[in-house]
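Student: For what it's worth, our numbering labels the leading residue of the sequence shown as 10, then goes sequentially. Beta carbons are placed, not taken as given, at the ideal position from N, Cα and C, and that holds for glycine. One structure, as structure tokens, below. Some questions next.
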Amino acid sequence: MINQVYQLVAPRQIEVTYNNEDITRDKVIVRPLYLSICAADQRYYTGSRNQTVLEKNYLCL
Numbered sequence: 010m011i012n013q014v015y016q017l018v019a020p021r022q023i024e025v026t027y028n029n030e031d032i033t034r035d036k037v038i039v040r041p042l043y044l045s046i047c048a049a050d051q052r053y054y055t056g057s058r059n060q061t062v063l064e065k066n067y068l069c070l
């Protein structure tokens, strides 16, 4: 099964990648309808965290 993966790669920049996942009988498929972002994670999205923290967590910095 091909999954869409949404990754925060820079402030206010989300990229979609695709991941091929083998589904076996002991796994469950979950398709969320909604999501929420906590206040701490909003700082990652806006880029307002400390620069060293951002460099550690963004994929492209």
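Would a C-beta distance cut-off of 9 Å place E30 and N12 closer than the cut-off?
Tutor: Locating residue 30 in the sequence shown gives position 21, counting from the first residue. Locating residue 12 in the sequence shown gives position 3, counting from the first residue. Yes.
Student: Straight-line CA distance for Y53 to S45?
Tutor: Looking up residue 53 in the sequence shown gives position 44. Looking up residue 45 in the sequence shown gives position 36. The alpha-carbon atoms of Y53 and S45 are separated by roughly 14 Å.
Student: Taking a contact to mean a Cβ-Cβ separation below 9 Å, would you say T55 touches R21 in this structure?
Tutor: Stepping through the sequence shown from its first residue, residue 55 is reached at position 46. Stepping through the sequence shown from its first residue, residue 21 is reached at position 12. Taking 9 Å as the Cβ cut-off, T55 and R21 qualify as a contacting pair.
Student: Go to T26, then tell me how far its alpha helix (DSSP H) extends in each direction, as first and last residue.
Tutor: Stepping through the sequence shown from its first residue, residue 26 is reached at position 17. Taken as a continuous stretch (DSSP letters only), T26 belongs to no alpha helix (DSSP H), being part of the beta strand (DSSP E) at Q22 to N29.
Student: Assign L70 to buried or exposed, taking buried as 16 or more other Cβ atoms, counted over all protein chains shown, within 10 Å of its Cβ.
Tutor: Mapped onto the sequence shown, residue 70 falls at position 61. Residue confidence for L70 is low, a pLDDT of 47 falling below 50, so the modelled location carries little weight; the figure read from the coordinates is stated next. Under this definition L70 is an exposed residue.
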